[in-house]
Amino acid sequence: MSPAQSSRGSPRPTERARSPCWRRRPLPPARVDDGTAGVPRAAVGSSEGAGTTGRSGSGSGLAKHAVVRAHLLDLIRDRLEPHQKLPTERRLSEELGVSRLTVRRAVEQMVSEGEVYRIQGSGTYVAEPAIRKREFLTSFSDDMRSRGLVPGAKLLRAEQTLAGARESWLLGVSPGEPLLHLVRLRLASSVPMCLEEVWLLARLVPGLLETPLEDSLYETLLRRYSITLDRAQQQVRATVVDTAQARLLEVPALTPALQVERVAFDVRGRAVELAWSLYRGDRYSLEQTLRRSQ
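Just add 2 to wherever you are in the sequence shown, counting from 1, and you've got the numbering used here.
Right, dumping it as structure tokens:
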């Protein structure tokens, strides 16, 4: 599953539709192992006055910090792997002939852009490339394939249950309606990317629990049940992973994450799927096109 707009949280567990066992209280975050890498010399200028634009103060500082940023992006692309440590501010300052403040501004911008991340007292490290999701109803498998990654899933739970108050309200059915409840760990080229919890109307997908559930659910719905999903309503909120979630996603506890709740409808307007997903914040981002109302 994939994200797109914001604000309310995950479905609350009911007496009939249970919440997965990995939602628990978090522990303090773990540290990433240290690592260093060299930096080639770049021609940014022999002094802080070099490369000015004719304006004093912030104009020339901005030009130089942009050059430092470009140099670091080249270094990441050509020489550094994810989770390798960047050279220190002092070394970059000496190598590039700029002030440490200029280097710091460039690194801070890269942190805000998700290119690198900091560990207090340790240094700055290369971040994993983000999976950028746009405003289209696509499956997790579609998103991964479009980026050259191999989608996968590890099934954690598959059961038939009954709709509680929240599930029945969101899916537009009566309380007690039979549902299929799936919990899966979604993978991108064998790397954990997302925890996914799904409820489906059992009467629409007879025999689903007897089929392999490690592949794309949307493709299975289309191929086996002729269900074409057409639109979805979803909410996205920022959160952090707890200890159990962190263990499954292979990240430190309290790592930022995107929590997504979605109801998907088919071409006949029926609510087919209720999904709760938890995406790694270091690997996933949202892209939206916003327009002013007329």
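We treat Cβ as the ideally placed atom computed from N, Cα and C, and that holds for glycine.
Query raised in the report: R285 to L151, Cα distance in whole Å?
Result: 13 angstroms
Query raised in the report: Do you know whose CA, among H67, V118, M112, L157, lies nearest S95's CA?
Result: H67
Report task. Could I get the ranges of all uninterrupted beta strand (DSSP E) runs contained in the segment 126-202, with 3 residues as the minimum, in chain order? Result -> 133-135, 153-164, 180-190
Report task. Along the alpha helix (DSSP H) that carries Q237, what are the first and last residues, could you check? Result -> Q237 -> not in any alpha helix (DSSP H); beta strand (DSSP E) instead, spanning 231-242.
**Report entry** DSSP three-state assignment for D76, whether helix, strand or coil
**Finding:** Residue state, collapsed to three classes: helix.
Report task. Determine the direct distance from the alpha carbon of L75 to that of W278, and round the result to whole angstroms. Result -> 35 angstroms
**Report entry** Whether M195 touches R188 by CB criterion (7 angstroms)
**Finding:** yes
Query - DSSP bridge partner residues for R120 (one or two, in chain order) - result: T126
**Report entry** Inter-residue spacing [alpha-carbon to alpha-carbon] between G209 and A266
**Finding:** 20 angstroms
**Report entry** For A259, the residue or residues it bridges with in DSSP
**Finding:** T241, R282
Query - Segment limits, alpha helix (DSSP H) that includes T104 - result: 102-114
Query raised in the report: With which residues is V265 paired in a DSSP beta bridge?
Result: Q235, L276
**Report entry** Enclosing alpha helix (DSSP H) for E91 [first to last residue]
**Finding:** Unbroken alpha helix (DSSP H) run through E91: 91-98.
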